[in-house]
Structures are given as C-alpha cells and as structure tokens.
Amino acid sequence: CRGTWCCNVTVNKSSINTYGLHLSDIQVLLETTLGKSYFVYNNQVYLQLLGLFMGTNPAPILATVKMWKLERASVYVDLRITLPTYSRFYDDRNGTTSNSRKAQQLCNLIEQQDPDKLIKLTLDFPSSSNEYIPFLNTEVRIPGRNGHSALIPLL
Numbered sequence: 024c025r026g027t028w029c030c031n032v033t034v035n036k037s038s039i040n041t042y043g044l045h046l047s048d049i050q051v052l053l054e055t056t057l058g059k060s061y062f063v064y065n066n067q068v069y070l071q072l073l074g075l076f077m078g079t080n081p082a083p084i085l086a087t088v089k090m091w092k093l094e095r096a097s098v099y100v101d102l103r104i105t106l107p108t109y110s111r112f113y114d115d116r117n118g119t120t121s122n123s124r125k126a127q128q129l130c131n132l133i134e135q136q137d138p139d140k141l142i143k144l145t146l147d148f149p150s151s152s153n154e155y156i157p158f159l160n161t162e163v164r165i166p167g168r169n170g171h172s173a174l175i176p177l178l
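Take the position in the sequence shown, starting the count at 1, then add 23; the result is the number in this note's numbering.
Printed below as a string of structure tokens:
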C-alpha cells in the first residue's frame with residue numbers, strides 16, 4: 024500500500040467493495056485518472072497540473088472529502104465563530120453569521136487549513152434584506168438584525 028490515502032482506507036477496508044482490485048491497483052488508477060487530465064482549449068492540448076479535473080468520476084467525492092477535511096479542522100473546532108446554519112454541497116457552502124467580518128474570518132480559517140494554499144473562498148452578500156443570494160439552484164434570503172446576514176462562500 025502506497026500513500027496516506029491508501030493507509031487510511033485500510034481502516035474501513037471491510038466495508039468497502041473494491042470489486043476484486045487491490046488497494047494499490049486503485050491508487051494507480053486514481054493517480055492516472057487524476058494526474059493525467061488533458062483538455063483542449065483553442066485547438067491546443069493542455070495537461071492540467073493542479074487540482075481535480077471536474078469531468079472525471081472520482082472528482083466530486085474527492086472535492087467533498089477535501090472540503091470536509093478543511094472544515095473539520097476549522098469550522099467545527101474553532102469556537103470564535105458560531106454559525107446558526109452551515110451547509111455544503113461539494114465545494115459550495117451556505118451559512119449565516121452575524122456580520123461580514125465573522126464571515127470573512129470563517130473563510131480565512133478554512134483557507135488556512137489547505138496545505139497547498141490553493142483554496143480561495145469568496146463571499147456573496149445581499150445589498151438589502153429584500154434581495155436573494157443564489158445557492159445551487161435556489162435563492163436564499165435570511166433577514167438578520169442588520170437587514171442581511173447571508174454568507175455564501177463560493178469556490
């Protein structure tokens with residue numbers, strides 16, 4: 024078994040169906056799939072060097088795992104920021120804070136957990152309590168004490 028992901032998987036191996044493949048075979052398949060992502064732009068072929076190629080089947084679950092690891096070390100342990108609501112779908116998140124300073128502090132805490140320093144979160148606030156913020160295929164409006172308190176960092 025090579026790599027830390029493989030060693031972590033062995034803990035739950037009995038509950039994972041590998042369809043007859045050894046974990047080392049799965050690691051080689053993932054390295055090839057994720058490390059050899061080519062795409063064409065303006066009739067030029069490129070090799071993607073950083074990040075997940077979102078057209079591959081394992082990319083959504085790996086994005087979820089990556090963001091969960093960052094949240095686990097920040098959102099759920101740092102008690103300086105309390106969140107009445109917080110949710111995530113893959114790499115899109117939605118939550119509420121009492122002010123924009125706390126929202127930015129939350130984004131900074133999550134970003135600081137990324138060892139590669141590649142995750143950059145952005146905030147989107149309504150300009151008034153009558154406006155909505157898009158989140159996935161919905162629109163969110165959460166009026167707060169100051170007229171608006173929606174936090175939606177998007178990657």
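Think of the CB as a built atom: it goes at the ideal place given N, C-alpha and C, for glycine as much as any other residue.
Under the DSSP definition of a beta bridge, L70 partners with Y61. In the structure shown, the three-state DSSP call for R95 is helix. Excluding five sequence positions before and after L57, the CB atoms of its chain that fall closer than 8 Å to its own CB belong to L75, F76, T79, P81, A82, L85, given in chain order. In the three-state scheme derived from DSSP, where H, G and I count as helix and E and B as strand, S37 is classed as helix.
When C-beta atoms of the stretch 45-59 are compared with those of the stretch 96-112, fewer than three pairs fall below 8 Å, so the two segments do not count as touching. Beta-bridge annotation (DSSP): Y109 is paired with G118. In the DSSP assignment, the residues bridged to P157 are E162. Distances from the alpha-carbon of L93 to those of Y155, Q135, Y42, G43 put Q135 closest.
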